[in-house]
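All residue numbers in the sequence shown are consecutive under my numbering, ending with 250.
We treat Cβ as the ideally placed atom computed from N, Cα and C, and that holds for glycine.
For clarity, every value in this text was computed on a predicted model and none was experimentally measured.
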Amino acid sequence: MACTIDIRDLEVVLNGEVILKDLNLSFERGLYQIIGPNGSGKTTLLRTILGLIKPSRGKIILDGEDITGKPEKANKIGYMPQLSNEIPLTAFEIVLDSLLLHRKRFPRFARRRDFEKAMETLKSVHLPEDRWKKLFGELSGGERQRVLLARALVYDPEVLLLDEPLSSIDPLGKVEFVEMIGKLSRDKTILVTSHDPILFLDYTKEIVVLNRTFYRVGKPEDILTLEILGEVYGESAVKLEEHVHISDAH
Ligand SMILES: Nc1ncnc2c1ncn2[C@@H]1O[C@H](COP(=O)(O)OP(=O)(O)O)[C@@H](O)[C@H]1O
Ligand SMILES: [Mg+2]
1 MACTIDIRDL EVVLNGEVIL KDLNLSFERG LYQIIGPNGS GKTTLLRTIL GLIKPSRGKI
61 ILDGEDITGK PEKANKIGYM PQLSNEIPLT AFEIVLDSLL LHRKRFPRFA RRRDFEKAME
121 TLKSVHLPED RWKKLFGELS GGERQRVLLA RALVYDPEVL LLDEPLSSID PLGKVEFVEM
181 IGKLSRDKTI LVTSHDPILF LDYTKEIVVL NRTFYRVGKP EDILTLEILG EVYGESAVKL
241 EEHVHISDAH
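If you want it as C-alpha cells, here you go:
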C-alpha cells in the first residue's frame, strides 16, 4: 500500500477570493506539518484533499487515482476536524457512527464486531473507559481530541489529516498526543496542521509553510529559518526561530 497524495497545480477560490494558488505538493508515508498563520488556508487545503471543497483548478491524486472533488473516493483518508464542542453525542457514539458511515456495504447498523472495534480504538487512543458514555461536551479538551482521533482511526485509514490536533490540550497531554501520532506515522501518511512546529519535530519528514498563495516546502532544518518564517509570520518569526534553537539545545 503506497498511500501517496499528489497535489497538482491546485487553485482554490472561496467567495471570489483566491485562497490557494499554483500549489504542488507530494506526500508519502510519514508525517508532514502544515504551518501558517490563522486564515492562511490550512483547513481549506485539508478539506480540498478530502473532496469537501472543489478546487477551481488542479488535481488531488490519491495512490494514482484522481479523487478531486469526490468525497466518496476519500475512504482511505481519516479526518480529524478542528476542535469544536457542539456535538450532542457520547464519545462511544461518535466513534461507532464514524465506523458505520464509512462502511461501503450495507448493513450499516452495528454488529458485535463494530462495538468491539469502536472499543478497541478508544483504548488505542488511551481514553479512560469511564469517559466513553460521557457527552462530547462534558469531556476535557485533551479527551475530546482523543475521541476525534479515534473517530478518524476506527476505519483503519492509510492517510490521516489532523487539523490542529493539539489545540485545547494541556502541555503534558500534548507530549503524549504527539508520541501517539508519531507512532502512527510509521505506517500512515499523516498531514498535521499546527501552530507550533517544534512539538512534532522528531517525527517530521517535511514542513509546508503556507500563507494563502505563498508556500515553501522542505526538510524542517531548511524551512525553520528566519528567512522563510519571516516571509509568512513577519515580526513574530524571530520568536518562532528562537524557539527552534532552544529546542535544538536539548
Ligand atoms: N466556506 C468558506 N467560504 C468562504 N471563505 C472561506 C470559507 N472557509 C474559509 N474561508 C476563508 O479562507 C481563508 C482560509 O481559511 P482557513 O483555511 O480556515 O485557514 P486556516 O485553517 O489556515 O486558519 C480565510 O480567510 C477564511 O475566511
Ligand atoms: Mg484552520
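Opposing strand residues paired with G78 [DSSP bridges]: L160
Supposed contact pair Y79 and L50 - C-beta distance, whole angstroms, cut 8 Å: 6 Å
Between the CA atoms of L161 and I268 - distance to the nearest angstrom: Only positions 1 to 250 of the chain appear in this structure, which leaves residue 268 out of reach.
Whether K59 touches V159 by CB criterion (8 Å): no
Beta-carbon proximity check, K32 vs K205, cutoff 8 Å: Note that residue 32 is Tyr in the sequence shown here, rather than Lys. Yes, Cβ-Cβ distance for Y32 and K205 is below 8 Å.
Same chain, Cβ closer than 8 Å to R144, five either side skipped, listed in chain order: L83, N85, F136, S168
First and last residue of the uninterrupted alpha helix (DSSP H) at E179: 171-184
Burial state of P197, where buried means 16 or more other Cβ atoms lie within 10 Å: buried
E65 - partner residues in DSSP beta bridges: L62
Alpha-carbon spacing of I253 relative to Y233, whole angstroms: What the structure shows of the chain is the stretch from 1 to 250, and residue 253 is not part of that stretch, so it cannot be assessed.
C-beta contact flag for F27 and L149 at 8 Å: no
Buried or exposed by the 16-neighbour rule on C-beta atoms within 10 Å, applied to A2: exposed
Beta carbon nearer than 5 Å to a non-hydrogen atom of ligand 1: L14, N15, I19, N38, G39, S40, G41, K42, T43, T44
Cβ separation of A91 and V125, assumed to be a contact under 8 Å, to the nearest whole Å: Not a contact, Cβ separation roughly 10 Å.
Identified DSSP bridge partners for Y32: L191, E206
Expected contact under 8 Å - CB spacing of S185 and G30 to nearest Å: 6 Å
Closest by C-alpha distance to L89, when choosing among R151, T43, P71, T68: R151
Proximity below 8 Å, CB of V95 to CB of A74: no
Per-residue DSSP class, three states only, for G137: helix
Cβ distance (whole Å) where L20 is taken to contact T44 below 8 Å: 6 Å
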